[in-house]
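Student:
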Amino acid sequence: MKEILVAFLFGIFAFSAVFIGSGTLFRIAQYVTQYGASFSSVIRLFIYSMPAIMLWTFPMSMLLASLLVFGKLSGASEITAMKSCGISLYRIMRPIIVMGIVVSIFAIAFNEYVVPWANQAYADVVNYEIKNSASPQSREHIILKEIKDGNIQRLIYARRYDAEKNRMEWVSMQDFEDGKLVRVENADYADWTNNEWLLHNGVIYSIADGEMSHTMHFDTQKLPIQESPDNIIREQKKPEEMTMKELGAQIKIMRGQYVDTTDLEIELYQRITVPMASFIFTLIGAPLGLQPNRNSSSIGFGLSIIIIFIYYTLMTIAGVVGRVGIPPAYAVWLPNLIGAAIGRYLIRKAGRI
């Protein structure tokens with residue numbers, strides 16, 4: 001376990017350095033040259049970018065640790081010595097399997113509680129401190145909720161916000177009483193005029209016992225919210241800034257408006273599958289480390305890069321398939337299922353040697 005932990009930490013630092021050098025530092029340098037970002041802003045950007053980077057390095061680091069540790073054991077003939085004493089390969093692999101599971105569980109929690117917060121903080125620094133975005137930007141899928149005593153009172157959804165016209169398009173407002181939907185208002189658009197939102201070309205549906213009981217059309221009506229466009233846009237989050245609970249709520253709302261939620265579903269399911277890759281890479285790396293000539297750390301690092309490239313290529317393909325073919329819930333699990341099958345084959349093969 002000590003050998004595995006040291007190699008795992010080495011992998012995190014090594015792969016993080018690759019990500020930082022290939023992308024993060026370049027983006028931060030652009031903010032400095034184009035917008036004159038201050039030193040404190042640059043430091044915070046660097047810190048806030050680290051959780052998302054580290055999340056991707058967990059599986060890579062477990063793969064590298066598996067290759068290096070088992071390659072070292074195999075190269076020193078310690079695996080042969082243990083097998084000659086009657087210790088099976090499955091017993092030898094038990095510590096690293098346990099660590100792979102622990103790292104996967106930790107990565108899921110890290111991806112839920114740390115990464116979304118850091119991504120949102122990063123975006124706030126870029127938008128409101130470095131770029132000094134005084135005016136809101138156009139955005140898809142605006143959602144506003146009024147909650148009182150834990151119960152939702154009003155839900156407002158707009159398909160799009162047009163920053164040039166200060167307009168929310170395809171607006172739907174739902175009012176609730178005691179958790180039950182009692183009224184729905186749909187409008188073509190809502191304009192921000194004289195510090196208030198005005199709905200145009202709409203219809204009101206009254207709901208009683210789950211059935212529509214009354215319909216009324218209107219040309220213009222005030223939208224009962226006080227938030228300015230700037231405040232509304234600030235409240236919105238990108239998918240990478242949401243927790244799994246928030247993503248699930250967003251998907252439910254958008255489905256209610258008959259909006260395609262495939263991208264959000266893929267994002268949601270990847271919150272589990274990407275961290276679980278730590279365990280999958282452990283199953284692959286350990287038996288591969290037993291192969292001859294795996295005692296070199298440079299070979300282990302190079303083999304890690306190849307396996308990682310193949311895995312993330314499969315993940316990209318699975319994302320495409322999930323958008324055009326099979327349901328996202330099944331598509332995003334394909335790389336892990338394939339990896340688990342390969343790992344099982346390699347372990348059984350190594351166990352017979």
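In this text, residue positions in the sequence shown follow the UniProt record's numbering: the first is 1, and each later residue adds one.
Where a beta carbon is used, it is the ideal one built from N, C-alpha and C, also for glycine.
Please read all numbers here as calculations on a predicted model, not as lab measurements.
#1: If you scan the segment 177-205 from start to end, which runs of the beta strand (DSSP E) of 3 or more residues do you find wholly inside it?
#2: From Lys252 to Arg183, what does the alpha carbon distance come to, in whole angstroms?
#3: What three-state label does DSSP hand Asn151 in the structure shown?
#4: Could you tell me the alpha carbon to alpha carbon distance between Arg294 and Thr80, rounded to whole angstroms?
#5: Determine the DSSP secondary structure at Asn332, reduced to helix, strand or coil.
#6: Within its chain, find whatever has a CB closer than 8 Å to the CB of Ile147; leave out the 5 residues flanking it on each side and keep chain order.
#7: In its own chain, which residues sit with a C-beta less than 8 Å from the C-beta of Leu263, not counting the 5 before and 5 after it?
#8: Identify whether Arg159 lies in helix, strand or coil by the three-state DSSP scheme.
#9: Indicate whether Leu67 and Gly285 have their beta-carbon atoms separated by less than 8 Å.
#10: Taking the alpha-carbon positions, what's the Asp191 to Met216 distance?
#11: Determine, using beta-carbon pairs with one atom in the segment 329-336 and one in the segment 263-280, whether at least three such pairs fall under 8 Å.
#12: To the nearest angstrom, how far is the alpha carbon of His141 from that of Tyr157?
#13: Exposed or buried, which one is residue 354 when buried takes at least 16 other CB atoms within 10 Å?
#14: Cβ of Ala37 within 8 Å of Cβ of Ile130?
#15: Can you tell me whether Glu211 is helix, strand or coil according to DSSP?
#16: Alpha carbon to alpha carbon, what distance is there between Ile347 and Phe58?
#17: Assuming contact is defined by CB atoms lying nearer than 8 Å, are Thr247 and Tyr122 in contact in what I supplied?
#18: Between the Cα of Ala277 and those of Met242, Ala340, Ala329, Leu288, spot the shortest distance and give me the residue it belongs to.
#19: Using the Cβ count rule (16 or more neighbours within 10 Å means buried), how would you classify Ile317?
#20: Short of 6 Å in beta carbon distance, which residues of its chain neighbour Gly351, apart from the five on each side in sequence? Order them along the chain.
#21: With burial defined as no fewer than 16 other Cβ atoms inside 10 Å of the residue's Cβ, what is the status of Asn231: buried or exposed?
Tutor: Answer, in terms of the structure:
#1: 180-193
#2: Taking the straight line from one Cα to the other gives about 18 Å.
#3: In the structure shown, Asn151 falls within a strand segment according to DSSP collapsed to helix, strand and coil.
#4: Confidence in Arg294 is poor, its pLDDT being 48 and thus under 50, which makes the residue's placement unreliable; the coordinate value appears in the next sentence. So the two alpha carbons sit approximately 15 Å from each other.
#5: It is worth fixing the name first, because residue 332 is Val in this sequence and not Asn. In the structure shown, the three-state DSSP call for Val332 is coil.
#6: A distance below 8 Å between beta-carbons, with the five flanking residues on each side excluded, links Ile147 to the following residues of its chain, in chain order: Gln153.
#7: According to the sequence as given, residue 263 is Asp; it is not Leu. These residues qualify, in order along the chain: Pro239, Arg323.
#8: strand
#9: yes
#10: Spanning the alpha carbons of Asp191 and Met216 requires a straight line of approximately 21 Å.
#11: With the cut-off at 8 Å, the segment 329-336 and the segment 263-280 touch.
#12: 7 Å
#13: As shown, the chain starts at 1 and ends at 353. That puts residue 354 outside it, with no answer to give.
#14: yes
#15: strand
#16: Phe58 and Ile347: Cα-Cα distance of roughly 21 Å.
#17: This sequence places Leu at residue 247; Thr is not what is there. No.
#18: Ala340
#19: Burial is judged here by how many other beta carbons sit within 10 angstroms of a residue's own beta carbon; Ile317 has fewer than 16 and is exposed.
#20: Leu89
#21: exposed
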